[in-house]
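First comes the structure, then the notes that go with it.
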Amino acid sequence: MNNSQNPSSLRSKKEITDALIKLMQDHPYSEISVKQIVMETSLARKTFYLNFTSKDDVLNSVINQLILEYTIALSNASEGPFTVIFEFCEKNKEMLNLLHKNNMLYLLLLRLNEVIPECNRTMDMSNNPFARTIGNLEPDYIIAFNIGAIWNVIFKWVDRGMTDSLDDIKNTIEQYLSQY
Numbered sequence: 001m002n003n004s005q006n007p008s009s010l011r012s013k014k015e016i017t018d019a020l021i022k023l024m025q026d027h028p029y030s031e032i033s034v035k036q037i038v039m040e041t042s043l044a045r046k047t048f049y050l051n052f053t054s055k056d057d058v059l060n061s062v063i064n065q066l067i068l069e070y071t072i073a074l075s076n077a078s079e080g081p082f083t084v085i086f087e088f089c090e091k092n093k094e095m096l097n098l099l100h101k102n103n104m105l106y107l108l109l110l111r112l113n114e115v116i117p118e119c120n121r122t123m124d125m126s127n128n129p130f131a132r133t134i135g136n137l138e139p140d141y142i143i144a145f146n147i148g149a150i151w152n153v154i155f156k157w158v159d160r161g162m163t164d165s166l167d168d169i170k171n172t173i174e175q176y177l178s179q180y
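In my numbering, the protein residues as written are 1 to 180.
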């Protein structure tokens with residue numbers, strides 16, 4: 001992806017990512033072509049390739065933006081991480097559902113596994129709610145446990161149609177962790 005911050009480039013990128021998301025609502029990701037994405041926009045094919053290398057690059061851009069918003073919310077949070085995580089999920093239900101529908105939620109997990117360890121290097125792990133359950137393991141293990149545990153619960157919530165209350169899930173997890 002072209003990382004230009006030029007306003008015209010940013011508008012083009014947004015139009016392209018919005019087009020991909022719109023197409024994913026009606027078509028399987030595997031059947032979407034760059035041509036279809038371009039046709040959903042007011043842009044030329046050349047503009048697409050000035051900003052992205054492929055439709056996968058566009059999807060990675062969407063996921064990276066989600067992760068950026070998530071990590072900013074985590075780092076600025078005054079409340080606990082569970083609140084931030086579940087608010088993020090509530091806000092991004094549509095995208096989580098689109099990724100699930102296309103068997104691509106794992107892409108979010110892969111990216112979290114790359115980004116969160118870097119973020120946590122600057123955070124105070126003593127406030128981590130999982131730290132008590134893990135004991136004296138290295139922070140990388142605690143982070144891997146956090147990501148795996150929480151996000152697998154979220155993926156189960158998505159898989160079940162997002163009908164269960166996120167507050168109930170959060171409270172159950174907090175109650176479970178309080179036993180340790």
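Just so it is clear, CB atoms sit at the ideal spot from N, CA and C, and this is done for glycine as well. Keep in mind it's a predicted model, so treat the numbers as computed, not measured.
The C-alpha of T83 lies about 8 Å from the C-alpha of K170. In this structure I32 touches M24 by the C-beta definition: roughly 7 Å separates them, less than 8 Å. The stretch 34-46 and the stretch 64-75 do not touch, with fewer than three beta-carbon pairs separated by less than 8 Å.
Three or more Cβ pairs drawn from the stretch 48-68 and the stretch 105-119 lie within less than 8 Å of each other, which places the two stretches in contact.
Sequence-distant Cβ neighbours of F86 in its own chain, meaning closer than 6 Å and more than five residues away, are L166 and K170. The C-beta separation of M1 from N76 comes to about 25 Å, leaving the pair out of contact by the 8 Å criterion. When rounded, the separation of the alpha-carbon atoms in D26 and L99 is 13 Å. DSSP places L50 in the helix class (H, G or I) of the three-state scheme. Under the three-state reduction of DSSP output, D18 falls in the helix class. Taking a C-beta distance under 8 Å as the contact criterion, M162 and K93 qualify as a contact pair. Residue ranges of uninterrupted alpha helix (DSSP H) with 4 or more members, entirely inside the stretch 43-119 and ordered along the chain, are 45-51, 55-76, 81-91 and 93-101. Counting along the chain, no alpha helix (DSSP H) covers T163, and no H or E run does either. Counted as a single uninterrupted DSSP element, the alpha helix (DSSP H) harbouring Q36 occupies residues V34 to M39. I147 is the residue among I147, L96 and M95 whose C-alpha sits nearest the C-alpha of V115. The beta carbon of D164 sits closer than 8 Å to those of W157, all from its chain and outside the five residues before and after it, given in chain order.
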